[in-house]
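Data block below; observations after.
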Amino acid sequence: AQSVTQLDSHVSVSEGTPVLLRCNYSSSYSPSLFWYVQHPNKGLQLLLKYTSAATLVKGINGFEAEFKKSETSFHLTKPSAHMSDAAEYFCVVSDGGGYKLSFGAGTTVTVRA
Amino acid sequence: NAGVTQTPKFQVLKTGQSMTLQCAQDMNHEYMSWYRQDPGMGLRLIHYSVGAGITDQGEVPNGYNVSRSTTEDFPLRLLSAAPSQTSVYFCASTLTSGEAETQYFGPGTRLLVL
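Here it is as structure tokens:
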């Protein structure tokens, strides 16, 4: 069985400051992990994915995530937040095929000017 | 490519009514899935299909039916709508069954059941 826990339901940051979104996962197998972003009233966009090739994964728009097996974590970071980063972010795990994803509850990011 | 398309964008139903949410993809993807999104719960898998003629249940299948007669289309049917089915529904497709394969999501259908 697979599951994801996003440790923060809401994160508020000032523009230009770092962003950290925390995610812990549970999986019976060696999982694949993803971060998706959803802007208000929009669909989901893939930010990045971990495929066991490298533990530090770089994504779009300056985001990156580090896979830590010992801590079962896959935290998402960005060095400097931009107003356009205000959105909801989902950590996702797959250990049963890429068509069967388990989503975390989501973290809403607010960026203050 | 249009990618994954969904119709309608928004629908209001009365309790007990039936309807079909349409999903189509033009990427020749074998694998397709339906999810529902509710506040504070992320997305949950309803049904999925691994190819034409083959479907299976996900995490929350009750109250929904699916079929897959072609590779391109994967409609989701609500036989008797209930207020608990008020949600945003997303269809997704994937090229292969690989665990790291990216899913492509449609724009969503917002459903309100009164």
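Chains as they are written, first to last, in the working numbering: chain Y, 360 to 472; chain P, 247 to 360.
Even for Gly, the Cβ is constructed at its ideal location relative to N, Cα and C.
Chain-order list of residues whose beta-carbon lies under 6 Å from that of residue i (same chain, five-residue window excluded)
| i | result |
| --- | --- |
| phenylalanine 426/Y | Tyr409, Thr414, Phe433 |
| glutamine 361/Y | Ser386, Val452, Asp454, Ser461 |
| glutamine 257/P | Leu357 |
| valine 334/P | Gln283, Gly354, Arg356 |
Chain Y residues whose Cβ lies nearer than 8 Å to that of residue i
| i | result |
| --- | --- |
| phenylalanine 336/P | Gly402, Leu403 |
Chain-order list of residues whose beta-carbon lies under 8 Å from that of residue i (same chain, five-residue window excluded)
| i | result |
| --- | --- |
| glycine 463/Y | Val363, Thr364, Gln365, Cys382, Phe449, Cys450, Val451 |
| proline 377/Y | Thr436, Lys437, Pro438, Ser439, Ala440 |
| serine 391/Y | Lys408, Tyr409, Thr410, Ser411, Val452, Ser453, Asp454, Gly457 |
Residue j beta carbon less than 7 Å from that of residue i
| i | j | result |
| --- | --- | --- |
| valine 416/Y | glutamine 404/Y | no |
| valine 296/P | tyrosine 310/P | no |
Alpha carbon of residue i to alpha carbon of residue j, nearest angstrom
| i | j | result |
| --- | --- | --- |
| tyrosine 388/Y | glutamine 271/P | 30 Å |
| glycine 354/P | lysine 437/Y | 28 Å |
| phenylalanine 480/Y | serine 439/Y | Outside the shown range of chain Y (360 to 472) lies residue 480/Y, about which nothing can therefore be said. |
| tyrosine 458/Y | leucine 267/P | 19 Å |
| threonine 332/P | glutamine 283/P | 10 Å |
| glycine 402/Y | threonine 301/P | 24 Å |
Residue i: contacting residues in chain Y (beta-carbon distance under 9 Å)
| i | result |
| --- | --- |
| proline 353/P | Lys401, Gly402 |
| serine 279/P | Tyr458, Lys459, Leu460 |
Chain-ordered chain P contacts of residue i [CB-CB under 7 Å]
| i | result |
| --- | --- |
| threonine 463/Y | Inspection of the sequence shows that residue 463/Y is occupied by glycine rather than by threonine. Simply Gly288. |
Cross-chain neighbours of residue i in chain P, by beta carbon under 8 Å
| i | result |
| --- | --- |
| phenylalanine 449/Y | Gly288, Leu289 |
Interface residues of chain Y facing residue i [CB-CB closer than 7 Å]
| i | result |
| --- | --- |
| tyrosine 294/P | Tyr458, Lys459 |
Close-in-space but distant-in-sequence residues of the same chain around residue i (CB under 7 Å, 5 per side omitted)
| i | result |
| --- | --- |
| tyrosine 324/P | Before going further, note that residue 324/P is leucine rather than tyrosine in the sequence given. Cβ neighbours of leucine 324/P beyond the five flanking positions: Ser264, Met265, Gly309, Tyr310, Gln331. |
For this session: Any chance you could list the beta strand (DSSP E) runs of at least 3 consecutive residues sitting entirely within the segment 283 to 356 of chain P, in chain order?
Result: 289 to 297, 300 to 303, 310 to 312, 322 to 324, 333 to 340
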